[in-house]
Each structure stands twice: as structure tokens, then as C-alpha cells.
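According to the working numbering, numbering within the sequence shown proceeds without interruption in unit steps and concludes at 374.
Single-structure report; data block below.
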Amino acid sequence: MNTLELFKYMVSKKSETPDDGGLLDFIEKYLPDFKAIRVDMQGVKNLFIYKKFTEGEHLCFAGHVDVVPAGEGWNTKPYEATQLDGYIYGRGTQDMKSGVAAFTQAVKEVKNFKGTLSLLLTSDEEGDAIYGTIKMLEYLKKNSMLPDAVVVAEPTCEERFGDAIKVGRRGSINGYLTLKGKQGHAAYPEKAINPIHNIASRLLNMAGINLDDGDEFFSPSKFVITDIRSGMQVTNVTPNHLDMMFNIRNTTLTTGKEVRAFVEKNLEGLDFELKLTQGSYPFKTDTDTKIVKHIDAAIESVTGIKPKHSTAGGTSDARFIAPLGIDVIEFGVINDTIHAVNERTTSKEILELYEVFKKLIKDY
Numbered sequence: 011m012n013t014l015e016l017f018k019y020m021v022s023k024k025s026e027t028p029d030d031g032g033l034l035d036f037i038e039k040y041l042p043d044f045k046a047i048r049v050d051m052q053g054v055k056n057l058f059i060y061k062k063f064t065e066g067e068h069l070c071f072a073g074h075v076d077v078v079p080a081g082e083g084w085n086t087k088p089y090e091a092t093q094l095d096g097y098i099y100g101r102g103t104q105d106m107k108s109g110v111a112a113f114t115q116a117v118k119e120v121k122n123f124k125g126t127l128s129l130l131l132t133s134d135e136e137g138d139a140i141y142g143t144i145k146m147l148e149y150l151k152k153n154s155m156l157p158d159a160v161v162v163a164e165p166t167c168e169e170r171f172g173d174a175i176k177v178g179r180r181g182s183i184n185g186y187l188t189l190k191g192k193q194g195h196a197a198y199p200e201k202a203i204n205p206i207h208n209i210a211s212r213l214l215n216m217a218g219i220n221l222d223d224g225d226e227f228f229s230p231s232k233f234v235i236t237d238i239r240s241g242m243q244v245t246n247v248t249p250n251h252l253d254m255m256f257n258i259r260n261t262t263l264t265t266g267k268e269v270r271a272f273v274e275k276n277l278e279g280l281d282f283e284l285k286l287t288q289g290s291y292p293f294k295t296d297t298d299t300k301i302v303k304h305i306d307a308a309i310e311s312v313t314g315i316k317p318k319h320s321t322a323g324g325t326s327d328a329r330f331i332a333p334l335g336i337d338v339i340e341f342g343v344i345n346d347t348i349h350a351v352n353e354r355t356t357s358k359e360i361l362e363l364y365e366v367f368k369k370l371i372k373d374y
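Listed below in C-alpha cells is the structure:
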């Protein structure tokens, strides 16, 4: 198989989380010279496959073979890689079977490397990710097999292939607020405590407010209200309580401690309960590290574009890798149709991604 054939084969396999569609078994057989380790649990498949060429650094390519459900309204069959109007359509074409195909083929063709090359793959990135990459990393740490640097081939480019890599990610803080009131008749507001009225004026200083100014890599941590619910869906009863949920994609400048202080300050004098959870923590890889310099050089060599260093977007499994002290970056095809109906990419992007990874491996 060549890169495009491998890619189309992967897209043809229905691998909705946590099903891997048989792809991890296939990749294990596709790389017969590599040693494979499987950590499968709770229906999730995880593969770590590696080859030690010589003594030296350990470079790993990571990603996921699972995809979100296709949904309805496709113009093509979502589990066929259909070429149409200059694109290849199918679920997972951008997120992220293009990346997996590109680095799998690039690694397969390596004859010499000063060190160890590996792939870390899971079928549970789009889901809860409880039994996915994090479990494989626990195994590798326990057995002193953690890589020195990792490339996660998530789609990162914005307008042109090669224009952006991720050198970090914002964290994600979730908030669950219950504001207490006192139910009563709408005709006698003086006998009730209306939580909707009490919070209304306070929201002006909360909704959409930046909790920090960000920096050259991170946009500001913004207080984003995602849900407010209260009342009994009738017009003559004031509610007993109000529930509000919010999310903050936080930088390294804002922690849960600052978020709690912000809420408490703005709701001072009101009776409320607040629960905060941290879905992921912010991180940034130093741009002077070897992996950043080499991926930058490889991208510029193949595309003629010097990529910008970004931390925008949601989360990825890089959030599990960085806390272990591993230099991790993300680079992949253009990200503009992920999780959408009619997800698509181009053969040109896939082939250039493969060439970037080949160049990176050669020069690393």
C-alpha cells in the first residue's frame, strides 16, 4: 500500500468510539518489524508499537483511530473514501485518519534512525478517554518506556496546509452553580426570593468576561456561560433555585482558584453552591525544543510555509502526554470540517503530511 491507499482503507473502516474497526490489529500486522504492546480494557483498544534502531532518542507519533458518529445528511457514504470535486470525503478524513495514515506509512518506510521510533494509538479519544492513551502512558511510565518527544497528528492547519502547529493547549474548567431562592407566587414577589432576578444584574460582570489577558501563545481565559435553567415553566410561580453551567478554556495564568474567587466576588451576598471540575490542564511546549525546531523546518521544507505556533482549539490526547515531562506538539491537515457532515480533506494534504513526517524522521 502507498499512503493514499492506506488512508482510504482506514476511512472505509467504521470505527466509532470505542470501536477501532479492526484498525489496530491491521497496523500491528502492517508494521511486522515493530514490537507491539496492547493494553485493551473496557472495550477500548490501545496499541503501542515500536522499533529500536540504535541507541538514541525516542520519537513517538500518537493519535486515535476512533471517530465520532457519522450523523445524517451526507452527500457521500461516510465510510467510503469518496473522491469528489477535488476532495476525499468520509468520516475521519480530517480527524484524524489522515494523520494516522501519514505517520504509519512514513514510519514503515524508515530504514535507519538514530534511536527508537514508535506509534501510540487508541480507540477512545473522541469518548471519555478514561481507558485510552492515558492507560497506555501509565504502562509505558511503569516500564521506563516513555518517549522523549511526541507528535500528535491531529488536524491543526487553519487556511493553508502547513500554516499552524499546536505547541500547547488551553485547559478546560467546568463550573456548576446552584443559586438558591425561595419559591412563591408571582403576584407576591415580596414574599419570595427570585434567583433569576438576583443573578440578572450580576451576569453583566461575568458573562464573556476575560479572567486574564492571555499572552503570545494563549488567548485570554474567558468565562463562557453554557446553560441557565430555572423555574417550573409556568408564569405564576417564582423559582426555588437556579442552575447555571459555565466553561473556561484557561491559560496557564488562570487556575480553578482564580475562577472560584471570581464567582464568589460577583455573587457576594447571594446563597449559592459552586462545584468546579478540571477536564484538562493547560500546557505549552518550549518553542526552543528540538521537536518544535525540527517540525518547523520539515514543514517549511515541504510547503514553503513557516508555521505559526498556536494553542487554540479544544483538547486532544496531548493533554495526557505533556504532564509527564514529554515535549509534545501537534501537526496535521486543515481543520475545517471535523465532526461535521461531509467531512473531507485532499490527497495533496495527506501526501504533504506524509512528506513532512518523513523529513522530520530523517533529520531528527
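Ideal Cβ positions, reconstructed from N, Cα and C, are used throughout, including at glycine.
Where the alpha helix (DSSP H) containing Asp-373 begins and where it ends: The continuous alpha helix (DSSP H) containing Asp-373 extends over residues 357–373.
Residues that Asp-237 bridges to, as DSSP identifies them: Met-255
Beta carbon of Cys-167 nearer than 9 angstroms to that of Val-21: no
Residue burial classification, Gln-52 (beta-carbon count within 10 angstroms, cutoff 16): exposed
Distance, His-304 Cα to Tyr-374 Cα: Tyr-374 and His-304: Cα-Cα distance of roughly 6 angstroms.
Ala-308 versus His-349: straight-line alpha-carbon distance, rounded: 28 angstroms
Rounded separation between Leu-156 and Asp-138 - CA only: 23 angstroms
Ranges of the alpha helix (DSSP H) found wholly within the segment 181–218, counting only runs of at least 4: If we require 4 residues or more, the alpha helix (DSSP H) runs fully inside the segment 181–218 come out as 205–210.
Stretch pair the segment 260–277 + the segment 140–160: three plus CB contacts closer than 8 angstroms: no
For Asn-220, the three-state DSSP class (helix, strand or coil): strand
Burial state of Gln-115 (16 or more Cβ within 10 Å): buried
At least 3 beta-carbon pairs within less than 8 angstroms: the segment 66–86 vs the segment 30–40: yes
Bridge partner(s) assigned by DSSP for Thr-245: None; Thr-245 has no bridge partner.
Arg-259 vs Gly-324 beta-carbon contact at 9 angstroms: yes
Distance CB(Gly-266)-CB(Phe-228) smaller than 9 angstroms: No, these two residues do not count as a Cβ contact at 9 angstroms.
Cα-Cα separation between Leu-189 and Met-216, rounded to whole angstroms: C-alpha separation (whole angstroms): 15 angstroms.
Beta-carbon spacing of Ser-326, Glu-135 below 9 angstroms: yes
Given 8 angstroms, three or more beta-carbon pairs between the segment 208–227 and the segment 245–261: Output reads yes: the segment 245–261 touches the segment 208–227.
Straight-line gap, Thr-261 to Tyr-198 (C-alpha atoms, nearest Å): 46 angstroms
Which residues DSSP lists as bridging Arg-179, in chain order: Phe-293
Cβ-based burial, Val-338 [other Cβ within 10 Å; buried from 16]: buried
Limits of the unbroken beta strand (DSSP E) element including Ile-331: Here Ile-331 belongs to no beta strand (DSSP E); instead the alpha helix (DSSP H) covers 328–331.
Backbone secondary structure at Lys-18 - three-state DSSP: helix
Check whether Ala-174 and Met-106 have beta carbons under 9 angstroms apart: no
C-alpha distance - Glu-353 paired with Gly-102, whole-angstrom precision: Approximately 7 angstroms, taken between the alpha carbons.
Touch test, the segment 80–90 against the segment 50–66, Cβ-Cβ under 8 angstroms, three pairs minimum: Note that the segment 80–90 does not touch the segment 50–66; fewer than 3 beta-carbon pairs, one per stretch, sit closer than 8 angstroms.
8 angstroms CB neighbourhood of Pro-230 in its chain, flanking five on each side removed: Asn-220, Leu-221, Asp-222, Asp-223, Gly-224, Thr-261
Status (buried if at least 16 other CB within 10 Å, exposed otherwise) for Lys-39: Lys-39 is classed as exposed because its beta carbon has fewer than 16 other beta carbons within 10 Å across all chains shown.
Rounded straight-line distance, which links the Cα of Arg-329 to that of Gln-288: 12 angstroms
Cα-Cα separation between Thr-356 and Gln-243, rounded to whole angstroms: 49 angstroms
First and last residue of the uninterrupted beta strand (DSSP E) at Ile-47: 45–48
Cβ shell of Glu-359 (< 6 angstroms), same chain only, five flanking positions each side left out: Phe-171, Val-343
Chain-order list of residues whose beta-carbon lies under 8 angstroms from that of Ile-371 (same chain, five-residue window excluded): Leu-69, Ala-116, Val-117, Val-120, Phe-123, Leu-127, listed in sequence order.
Counted within 10 angstroms of its Cβ, other Cβ atoms place Gly-314 as buried (16 or more) or exposed: exposed
C-alpha distance - Leu-131 paired with Asn-12, whole-angstrom precision: 20 angstroms
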